[in-house]
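Q: Numbering (the numbering used here), first residue to last: 1 to 551.
Encoded as structure tokens, here's the structure I'll be asking about.
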């Protein structure tokens with residue numbers, strides 16, 4: 001092959017009197033990307049903060065088998081004579097009692113569980129017995145098995161494999177079964193048994209493997225065993241886009257937030273595991289294909305729309321890969337991976353409102369390690385030296401209040417999620433659904449609530465400095481204190497002190513003792529921080545007086 005100087009556009013530089021000549025396509029021009037998440041690392045929990053001796057299910061179904069919210073962790077378990085799952089308080093770490101109560105009302109193995117995103121004490125489960133059950137979980141510690149469900153949904157002819165709650169509308173649940181049907185359920189009814197879904201979508205030709213909503217829940221994407229990815233309107237059942245790409249067998253699909261893109265994981269023609277990025281409005285040809293390895297485990301993708309980060313977890317793997325998604329090419333930017341020698345059977349993720357923002361935690365996984373009967377939390381941390389709240393890595397995120405009622409969504413309305421701040425001290429919305437029966441005391445505007453909080457913190461600090469203040473100074477504060485007492489629940493480690501029963505066994509007593517020790521440790525750290533701040537303020541006051549010549 002002959003190259004001409006004109007065709008090569010030669011680039012030359014001189015070093016030690018020697019001239020090196022390169023074609024322009026070989027010139028050294030490195031491309032750097034600035035990213036605040038370049039150095040994110042995974043931090044596994046210590047042994048004391050893991051959940052040990054958990055009888056994790058040995059089902060071969062390709063599901064997460066775990067659901068997490070700020071109060072509980074639910075995990076599908078082995079159970080003789082039917083299906084069951086455990087609901088463990090999130091702070092109850094350590095060894096699990098072998099006789100710990102279960103939620104066991106199904107006649108077949110439980111295949112999927114999902115917490116209601118707008119009520120932390122309601123969970124849905126589906127099973128091989130072709131039923132879906134909705135459960136109310138009590139706030140206090142479980143003392144016996146739960147066998148009676150709040151609602152039962154009967155509509156599928158074969159086993160039900162997947163569940164998904166609508167992201168912005170209350171009481172709307174989606175289910176898919178091995179009868180190739182997708183059903184939409186309206187739970188806003190008093191009937192304990194619901195026989196007819198509000199919508200049945202039956203154009204899939206095989207078993208549905210996964211489903212994902214866009215941000216406002218107006219579109220649904222599914223993958224199917226017929227190797228097709230479909231994007232459709234769930235209310236009308238109209239298919240808007242369909243991918244039938246021969247060299248990619250999709251297993252899981254995910255909407256990438258507001259980027260107008262889809263991501264799917266699956267296998268290539270040569271059985272390599274791969275990640276594929278698609279244009280939401282054109283599924284004829286993918287935007288990007290990236291092969292990972294030759295393993296056989298299913299890849300579970302998780303997307304964080306707040307940070308534009310993608311996490312890929314392989315079933316049977318020990319590692320977690322993470323990427324940054326961008327609107328421009330190459331769309332998928334590899335960051336690094338968390339490595340562990342312990343393979344995960346399933347995985348659960350904590351909602352953003354349950355993260356520890358003081359340690360710059362941006363994501364948290366719960367790995368199900370069947371070989372050891374262990375649930376291991378893994379936190380994704382952004383390394384920062386400052387202990388203050390990092391506004392740039394915690395934008396407003398989806399809260400616990402639904403944007404729509406079930407009937408509003410069914411009538412055709414679309415709304416994005418209601419956003420809240422994760423800043424400590426900002427008003428936290430109660431996880432219980434409030435809009436149907438809202439009272440005057442609970443409808444206080446957000447700014448006035450913050451004002452009351454500031455007044456209470458200020459007066460409490462002044463009382464601590466001078467406990468012998470005149471009683472008439474406390475008079476105007478009594479009304480505020482009473483309002484705050486009515487508005488705030490008495491909670492300790494997420495449980496109501498008046499509803500939490502006393503420990504009945506030695507194990508429960510030890511667990512409560514460890515929780516109290518942890519709470520005392522946190523309070524001591526808080527007191528130490530306050531003492532340091534007081535000393536700093538005293539020093540600043542002294543410096544001001546010195547500079548003004550008062551002393």
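C-beta: ideal position from N, C-alpha, C; glycine also.
Residue range of the beta strand (DSSP E) that residue 410 falls in?
A: Counting along the chain, residue 410 falls outside any beta strand (DSSP E), though it belongs to the alpha helix (DSSP H) covering 406 to 410.
Q: Looking at the secondary structure, which residues open and close the beta strand (DSSP E) in which residue 151 lies?
A: Segment 151 to 154, the beta strand (DSSP E) holding residue 151.
Q: Determine whether the beta carbon atoms of residue 205 and residue 178 lie at a separation below 8 Å.
A: Against a cut-off of 8 Å, the Cβ pair of residue 178 and residue 205 comes out as no contact.
Q: In terms of DSSP beta bridges, what is residue 199 paired with?
A: The partner list for residue 199 (beta bridge, DSSP) reads 184.
Q: Could you say which of 110, 306, 390 and 546 lies nearest to residue 80 if we only look at CA atoms?
A: Per the Cα distances, 110.
Q: Using only the alpha-carbon positions, how far apart do residue 465 and residue 400 sit?
A: The pLDDT assigned to residue 465 is 42, lower than 50, so where the model puts this residue is not dependable, and the model offers no usable value.
Q: For residue 416 and residue 67, what's the separation of their Cα atoms in angstroms?
A: In a straight line, the C-alpha of residue 416 is about 23 Å away from that of residue 67.
Q: Quick one: measure Cβ to Cβ for residue 307 and residue 258, integer angstroms, because I've assumed they're closer than 8 Å.
A: With 8 Å as the limit, residue 307 and residue 258 do not qualify as a contact, their Cβ atoms being about 13 Å apart.
Q: Could you say if the segment 159 to 175 and the segment 114 to 127 meet the contact criterion of at least three C-beta pairs nearer than 8 Å?
A: With the cut-off at 8 Å, the segment 159 to 175 and the segment 114 to 127 touch.
Q: Closer than 6 Å by C-beta to residue 483: which residues in its own chain qualify, once you throw out the five before and the five after it? Chain order, please.
A: Because residue 483 sits at a pLDDT of 44, beneath the cut-off of 50, its placement in the model cannot be relied upon, and the following sentence gives the value as read from the coordinates. Nothing listed; no residue qualifies.
Q: Over what stretch of residues does the beta strand (DSSP E) that includes residue 161 continue unbroken?
A: Residues 160 to 165.
Q: Give every residue of the same chain whose Cβ lies closer than 6 Å to the Cβ of residue 225, excluding the five residues on either side of it in the sequence, and list them in chain order.
A: Counting only Cβ-Cβ distances below 6 Å, and skipping sequence neighbours, we find 206 and 207.
Q: If I measure Cβ to Cβ from residue 230 and keep anything under 6 Å in the same chain, skipping five residues before and after, which residues do I get?
A: Same-chain partners within the cutoff: 222, 239 and 242.
Q: So within the segment 223 to 261, which uninterrupted alpha helix (DSSP H) runs reach at least 4 residues, ignoring any that extend past its ends?
A: DSSP runs (the alpha helix (DSSP H)) wholly in the segment 223 to 261: none.
Q: Under the DSSP definition of a beta bridge, which residues are partnered with residue 114?
A: In the DSSP output, where bridge partners are listed per residue, residue 114 has 124.
Q: Report the residue from 187, 218, 183 and 195 whose alpha carbon sits nearest the alpha carbon of residue 202.
A: When each option's Cα is compared against that of residue 202, the closest is 183.
Q: Among 301, 323 and 192, which has the Cα closest to the Cα of residue 40?
A: It is 323 whose Cα lies nearest to the Cα of residue 40.
Q: Assuming the contact rule is C-beta atoms closer than 8 Å, residue 185 and residue 153 should be a hit. Round their C-beta distance to whole Å, please.
A: Their Cβ separation, rounded to whole angstroms, is 5 Å, which keeps residue 185 and residue 153 in contact under 8 Å.
Q: Where residue 352 and residue 547 are concerned, what is the direct C-alpha to C-alpha distance, given to the nearest angstrom?
A: Each residue's Cα considered, the two are about 47 Å apart.
Q: If I follow the unbroken beta strand (DSSP E) through residue 368, where does it start and stop?
A: Looking at the DSSP string, the run of the beta strand (DSSP E) that includes residue 368 is 361 to 369.
Q: Buried or exposed: residue 537, going by 16 or more other Cβ atoms within 10 Å of its Cβ?
A: By the 10 Å Cβ count, residue 537 comes out exposed.
Q: Helix, strand or coil: how does DSSP classify residue 106 here?
A: In this structure, residue 106 counts as strand in the three-state DSSP scheme.
Q: What's the gap between the Cα of residue 454 and the Cα of residue 424?
A: Since pLDDT at residue 454 reaches only 43, below the 50 mark, its modelled position is unreliable, and the value read off the structure follows with that caveat. Taking the straight line joining both Cα atoms gives about 13 Å.
Q: Would DSSP call residue 220 helix, strand or coil?
A: Here residue 220 sits in strand by DSSP.
Q: Suppose you measure from the CA of residue 533 to the CA of residue 209; what does that come to, to the nearest Å?
A: So the two alpha carbons sit approximately 54 Å from each other.
Q: Quick check: what's the CA-CA separation for residue 542 versus residue 524?
A: Answer to the nearest angstrom: the Cα atoms are 27 Å apart.
Q: Residue 357 and residue 394 look like a contact to me (Cβ under 8 Å); what is the Cβ gap, rounded to whole Å?
A: About 6 Å; that satisfies the 8 Å criterion.
Q: Roughly how many angstroms lie between the CA atoms of residue 190 and residue 406, to the nearest whole one?
A: Approximately 14 Å between the Cα atoms of the pair.
Q: What does the alpha-carbon distance come out to for the pair residue 545 and residue 506?
A: Cα to Cα, residue 545 sits roughly 58 Å from residue 506.
Q: Anyone know if the C-beta pair for residue 53 and residue 84 falls short of 8 Å?
A: No; because the gap between Cβ atoms is not below 8 Å, this pair is not in contact.
Q: Under DSSP, the beta strand (DSSP E) around residue 567 begins and ends at which residues?
A: The chain is shown from 1 up to 551; residue 567 falls before or after that span and cannot be answered.
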